[in-house]
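For reference, the structure is listed below as structure tokens.
In my numbering, the protein residues as written are 2 to 308.
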């Protein structure tokens with residue numbers, strides 16, 4: 002009886018929308034080589050603080066950060082911010098950007114081609130691809146809160162002080178300040194070797210323990226999407242159901258809304274697929290049906306056995 006109840010709950014649409022995802026999707030991790038020189042790789046993003054729009058740029062090797070206020074979220078404003086970065090800091094070898102329209106347009110593309118800057122576009126819906134610049138945003142946010150609450154400093158002065166504090170603080174990853182590394186980088190002493198090997202070993206061990214949900218997703222599966230617009234605790238954690246229309250590269254899925262028929266592309270980490278498939282719709286207490294109104298058949302896709 003307990004097993005039957007568990008199987009029915011796993012395919013209940015109300016439960017899938019409201020309950021926590023206790024086993025979230027995990028994709029295989031990859032070892033990202035650390036840049037050996039300043040400006041070898043730079044991550045860029047647009048961040049919002051109150052009513053301000055700011056483009057943040059972070060050098061991966063030295064952790065040196067730069068911020069440029071934007072009047073609007075447009076390609077022209079992004080081009081001006083990048084030009085100022087090149088004039089004051091230098092030309093990066095590779096620039097990592099997300100899939101936003103303010104970046105993926107002919108203005109920014111032409112600018113990057115003019116200065117021969119390689120660009121890497123991150124996977125949509127996967128903020129971990131931008132992990133270091135997102136960590137920078139979190140650190141700057143703490144500084145801005147401290148300045149506003151503790152000293153009443155806001156606006157452009159708060160931004161300047163927060164950036165000054167970050168670039169002159171010892172970074173936990175390098176053991177030195179970003180400004181110091183940017184000014185006195187030594188080619189003969191790159192922060193790699195033993196640290197890189199330890200990082201590779203940790204990733205290998207994590208991949209062995211991780212449950213890769215990607216291989217279990219099939220076209221036609223029913224999935225639920227994480228509700229990113231959730232504002233209150235009473236709002237559902239997931240919305241749906243959606244049907245998997247196709248599997249794309251870089252762990253992305255094209256899903257179709259069962260109600261409207263519209264499609265969208267999401268990362269597999271945004272989904273919550275039910276662990277079992279419901280062949281005949283079961284009773285849904287939200288619409289006043291009972292389990293006796295329909296027959297329930299729960300099977301595993303891999304073996305076809307009843308769970």
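Cβ atoms here follow ideal geometry from the backbone N, Cα and C, with glycine treated the same way.
Taking the CB atoms as reference points, tell me whether residue i and residue j lie closer together than 7 Å.
i, j, result
"residue 121", "residue 95", "yes"
"residue 141", "residue 163", "yes"
"residue 137", "residue 72", "no"
"residue 86", "residue 59", "no"
"residue 89", "residue 182", "no"
"residue 264", "residue 255", "yes"
"residue 152", "residue 108", "no"
"residue 216", "residue 245", "no"
What is the DSSP secondary structure of residue i, counted as helix, strand or coil?
i, result
"residue 134", "helix"
"residue 239", "strand"
"residue 103", "coil"
"residue 183", "helix"
"residue 112", "helix"
"residue 5", "helix"
"residue 86", "helix"
"residue 146", "helix"
"residue 285", "Unreliable placement is indicated for residue 285, whose pLDDT of 38 sits below 50; no coordinate value is reported for it."
"residue 246", "strand"
"residue 13", "coil"
"residue 79", "helix"
"residue 216", "helix"
"residue 160", "helix"
"residue 167", "helix"
"residue 57", "strand"
"residue 51", "coil"
"residue 37", "coil"
"residue 270", "helix"
"residue 264", "strand"
Residue i and residue j look like a contact to me (Cβ under 8 Å); what is the Cβ gap, rounded to whole Å?
i, j, result
"residue 220", "residue 269", "Not really, about 13 Å apart at Cβ, beyond 8 Å."
"residue 83", "residue 112", "6 Å"
"residue 224", "residue 272", "4 Å"
"residue 178", "residue 169", "5 Å"
"residue 253", "residue 267", "7 Å"
"residue 144", "residue 161", "At roughly 11 Å, the Cβ-Cβ gap does not stay under 8 Å, so residue 144 and residue 161 are not in contact."
Cutting at 8 Å between CB atoms, please list the residues of its own chain near residue i, excluding the five before and the five after it.
i, result
"residue 61", "35, 36, 41, 42, 43, 44 and 133"
"residue 6", "none"
"residue 247", "220, 254 and 255"
"residue 226", "239, 240, 241, 243, 256, 267, 271, 272 and 273"
Report the residue from the options whose alpha carbon sits nearest the alpha carbon of residue i.
i, options, result
"residue 102", "75, 3 and 64", "75"
"residue 250", "222, 123 and 5", "123"
"residue 38", "156, 9 and 184", "184"
"residue 119", "107, 93 and 106", "93"
"residue 47", "135, 5 and 107", "135"
"residue 236", "228, 243 and 242", "228"
"residue 242", "259, 230 and 150", "259"
"residue 69", "222, 157, 172 and 173", "157"
"residue 55", "230, 159, 238 and 173", "159"
"residue 91", "116, 154, 2 and 5", "116"
"residue 155", "52, 110 and 3", "52"
Under 6 Å Cβ to Cβ from residue i, same chain only, skipping five residues before and after it: list those, please.
i, result
"residue 188", "No answer about residue 188 holds up, because its pLDDT of 46 lies below 50 and its placement is not dependable."
"residue 97", "44 and 121"
Excluding the 5 residues preceding and the 5 following residue i in the sequence, name in chain order all residues of the same chain whose CB lies nearer than 7 Å to its CB.
i, result
"residue 50", "145"
"residue 104", "79 and 98"
"residue 106", "76"
Less than 7 Å between CB atoms is the rule here; does residue i satisfy it with respect to chain B?
i, result
"residue 257", "Checking the listed chains, one finds no chain B in this structure; it contains a single protein chain."
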